[in-house]
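Asks: What follows is a structure written as structure tokens; I'll ask about it next.
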Amino acid sequence: MDEIENFNKKIKKILITQQEINCAVEDAAKWINGIYDKNPIVLISVLNGSFIFAADLFRRITVPCQIDFIKAQSYYNSTVSSGNISITQDIHTDVSKFNVVIVEDIVDTGRTLKEITKIIRERNPISLNVITLLDKPSRRETDFAPDKSLFTIPDVFVVGYGMDCGEYYRNLPYIAEYDQQL
Ligand code: IMP
Ligand code: MG
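Heads up: take any position in the sequence shown, counting from 1, add 1480, and you land on this note's numbering.
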């Protein structure tokens, strides 16, 4: 009982509402639909955090499009980054036949996407773009920059719409600031 009470109390405030997310995802899909009018696309969703964003984006794409998934480990059940990135689940697509759009939930230090884009680029995709739902530029520790970011946020830890703390809160329909002190 106490645990459940604290569970909800840790949601400090809503930063981005469901409606704001919907509008931004709609715009992002238009951006993709506008760039790739001929060649097939593969969205590469970076698991687990981007699965909801990728699913919503994917359903709004009107040009031929496949989806694949890659999993990288950088956060270990906490709000602190480990520094090392390892690919724990790879894609199955031959990206040399596709325009690739990597879909990420949030760019923080930039380490995860720097490593993933390096790996994908070495496989010679027809083209490569990176789209992220959120960007925390104040936390960057690499020179990585996404091609498109839907929202820029300050240095706060967020949960919801796919993003977690200790694997919980991913199912919140909005993006909220998480209280790390409580
Ligand atoms: P980076 O490698 O430091 O850019 O970290 C990227 C990954 O860390 C993201 O894909 C997220 O899974 C996770 N992450 C970074 N900031 C947050 C946050 O505020 N909430 C939840 N996950 C986060
Ligand atoms: Mg992620």
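Cβ coordinates follow ideal geometry from the N, Cα and C atoms, glycine included.
Quick one: which unbroken alpha helix (DSSP H) runs of 4-plus residues sit fully inside the region 1569-1629? Chain order, please.
Replies: If we require 4 residues or more, the alpha helix (DSSP H) runs fully inside the region 1569-1629 come out as 1591-1601.
Asks: For Gly1640, name the three-state secondary structure that DSSP assigns.
Replies: The count along the sequence shown starts at 1 and reaches residue 1640 at position 160. DSSP places Gly1640 in strand when its eight states are reduced to three.
Asks: Can you confirm whether the region 1538-1547 touches the region 1647-1654 when touching is taken to mean that 3 or more C-beta pairs between the two stretches lie within less than 8 Å?
Replies: As far as the Cβ criterion goes, the region 1647-1654 does not touch the region 1538-1547, which means the pair count is below three.
Asks: When the Cα atoms are used, what is the spatial distance from Met1481 to Phe1487?
Replies: Along the sequence shown, read from residue 1 onward, the residue named residue 1481 stands at position 1. Along the sequence shown, read from residue 1 onward, the residue named residue 1487 stands at position 7. Note that Met1481 scores 48 on pLDDT, short of 50, meaning its location in the model is unreliable; the coordinates nonetheless yield the value given after this. Roughly 10 Å separates the two Cα atoms.
Asks: In the DSSP output, what is Cys1503 paired with across the bridge?
Replies: Position 23 of the sequence shown, counted from the first residue, corresponds to residue 1503. In the DSSP output, where bridge partners are listed per residue, Cys1503 has none listed.
Asks: Report back the beta-carbon spacing between Ile1547 and Leu1527 to the nearest angstrom; my notes put them in contact at under 8 Å.
Replies: If you number the sequence shown from 1, residue 1547 lands on position 67. If you number the sequence shown from 1, residue 1527 lands on position 47. The pair is not a contact, with the Cβ atoms about 12 Å apart (cut-off 8 Å).
Asks: Which value, in whole angstroms, describes the spacing of the CA atoms of Gln1499 and Cys1645?
Replies: Your numbering for residue 1499 matches position 19 in the sequence shown. Your numbering for residue 1645 matches position 165 in the sequence shown. Whole-angstrom Cα-Cα distance: 23 Å.
Asks: Take the Cβ of Lys1518 as the centre, count every other Cβ of all protein chains shown within 10 Å, and call the residue buried at 16 or more, exposed below.
Replies: In the sequence shown, residue 1518 corresponds to position 38, counting from 1. Answer is exposed; the Cβ neighbour count stays below 16.
Asks: Go to Ile1541, then tell me how far its beta strand (DSSP E) extends in each direction, as first and last residue.
Replies: Counting from one through the sequence shown, the residue named residue 1541 turns up at place 61. Taken as a continuous stretch (DSSP letters only), Ile1541 belongs to no beta strand (DSSP E), as it is neither H nor E.
Asks: Can you tell me the Cβ-Cβ gap for Ile1655 and Ile1491, rounded? I've got them flagged as a contact below 8 Å.
Replies: For the purposes of this step, residue 1655 is taken as residue 175 along the sequence shown, with counting starting at 1. For the purposes of this step, residue 1491 is taken as residue 11 along the sequence shown, with counting starting at 1. Not really, about 11 Å apart at Cβ, beyond 8 Å.
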